[in-house]
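Notes follow once the structure below has been shown.
There are 2 protein chains.
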Amino acid sequence: MSEPGATRGPSVRGVPEGDNRERMICADCGFVLYDNPKIVVGSVPRWGERILLCRRAINPRRGFWTLPAGYLELNESTSAGAEREAWEEAQARIQIEGLLAIYDIPRISQVQLIYRARLVDEAVAAGPESLEVALFRWDEIPWDEIAFPSVRWALNHDREARASGDFTARVAPPTDPAAPQRE
Amino acid sequence: MSEPGATRGPSVRGVPEGDNRERMICADCGFVLYDNPKIVVGSVPRWGERILLCRRAINPRRGFWTLPAGYLELNESTSAGAEREAWEEAQARIQIEGLLAIYDIPRISQVQLIYRARLVDEAVAAGPESLEVALFRWDEIPWDEIAFPSVRWALNHDREARASGDFTARVAPPTDPAAPQRE
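So the protein sequences, as listed, match chains A and B. With the numbering used here applied, the first sequence corresponds to residues 81 to 263, in that order. With the numbering used here applied, the second sequence corresponds to residues 81 to 263, in that order.
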């Protein structure tokens, strides 16, 4: 039994009856936590030749630049989630064009789904999770201040897909140095 | 406090401190369940012009035909998950070719990622979740006994992608009659 006010939740490791993998179980009430990989949805929003980036106001990687992206919510489609994140982080209205890439990050049980997108208008503004937002031409992108490897992947994949006209979904490069990841 | 042996878990609805959405909370220990959309990974495995299907041994839709697919596990890449499901359901070894489609089913908070794939060899056999498995030519597919709408979508998208040579990731048709879905 828990102490009054204690917050423990599923904290005991065990294989539930009828299952074949270890799960976290609550010692208080027997609840089994079927934890699942999480989905991050985002976009590479373009306005002509410029790309929208957001400077993070929150950790991890506060002060670094990122594409608008975040966790998919329940009962939300992935494209609607990408649109919501563009709005929340950059007050940007976007039009989804198609899936650019699927980045598996199994180390942290994360799947990122990144869409190609156009800004509907040029009006963008920092949302609560951004210090500032801006539109960058390719040679203006602050490559040394990019928050996550997957942001670099998406920027390069978007450029390459548009140049080639081949919109097959891209995947993460085979290896990438252990670098900061979204949490 | 829970009765001895009772299994309740997070069963009270409320907005946790610092959050902006309702979550399920455990009345016993205060654990907050951050429930997330689930990822189903699968494939359309081909052996020449024939496609591998599995007749389901479990509910929902026991006795109906499906493509090998199932929930992505923690610390698993989506392509590895699709390979695992082909093995578990049809003892099939597959080689992933690329992402065929992303099917959003927000009503049940599910995202399906379906890959194009080749069978590495013709040896397939029913796994514990299949009554039987078989390779079908297009005109042999048991269309009236398909388990889920997304199986029909994937079969048609795979055929159309291969015919056109355009491998842009497909999405679900705009509307589909309320029909049985994976759970």
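In this text, a Cβ means the ideal position worked out from N, Cα and C, and glycines have one as well.
| Query | Result |
| --- | --- |
| Assigned secondary structure, D246(B) (DSSP; H/G/I helix, E/B strand, else coil) | coil |
| Cross-chain neighbours of I174(B) in chain A, by beta carbon under 8 Å | Under the 8 Å cutoff, chain A gives no residues; its nearest Cβ is about 16 Å from I174(B). |
| R235(B) (DSSP reduced to helix, strand or coil) | In the sequence on display, residue 235(B) carries Leu and not Arg. It is helical. |
| For G122(B) and E169(B), the rounded distance between their alpha carbons | 11 Å |
| Residues that E156(B) contacts on chain A, provided the C-beta gap is smaller than 9 Å | P117, D184, P186 and S189 |
| Under 8 Å between C-beta atoms of G89(A) and C134(B) | no |
| Any 3 or more C-beta pairs closer than 8 Å across the stretch 218 to 226 of chain B and the stretch 167 to 186 of chain B | no |
| Whole-angstrom C-beta distance between A249(A) and G178(B), which should lie under 8 Å | 7 Å |
| Interface flag, T248(B) vs chain A, CB-CB below 8 Å | yes |
| DSSP-derived helix/strand/coil call for G161(B) | helix |
| Below-8 Å beta-carbon distance, L193(B) vs any chain A residue | yes |
| Cutoff 8 Å: G89(B) Cβ touching any chain A Cβ | yes |
| Residue-chain proximity (C134(B), chain A), Cβ-Cβ < 8 Å | no |
| Residues, ordered as in the chain, of the stretch 99 to 112 of chain B that lie near chain C by beta-carbon distance below 7 Å | The structure shown contains no chain C; the protein chains it does contain are A and B. |
| Inside the stretch 149 to 205 of chain B only - beta strand (DSSP E) runs reaching at least 3 residues | 149 to 151, 174 to 185 and 190 to 199 |
| Neighbourhood of I138(B) by C-beta, 7 Å cutoff - its chain only, sequence neighbours within 5 removed | E209 |
| is_contact[L147(A), chain B] using C-beta, thresh 8 Å | no |
| Any 3 or more C-beta pairs closer than 8 Å across the stretch 226 to 239 of chain A and the stretch 158 to 169 of chain B | no |
| Interface flag, G178(B) vs chain A, CB-CB below 8 Å | yes |
| Min CB distance L199(A) to chain B below 8 Å | no |
| Identity of the residues DSSP links to W313(A) by a beta bridge | Missing from the structure shown is residue 313(A); chain A here goes from 81 to 263 and no further. |
| Neighbour-count burial assignment, S244(B), 16 or more Cβ in a 10 Å radius | exposed |
| Nearest-angstrom Cα separation, counted from F247(A) out to E263(B) | Any reading at E263(B) must be qualified, since the residue scores a pLDDT of 45, below 50, and its modelled position is unreliable; the value itself is stated next. So the alpha carbons of these two residues sit roughly 31 Å apart. |
| E225(A) (DSSP reduced to helix, strand or coil) | helix |
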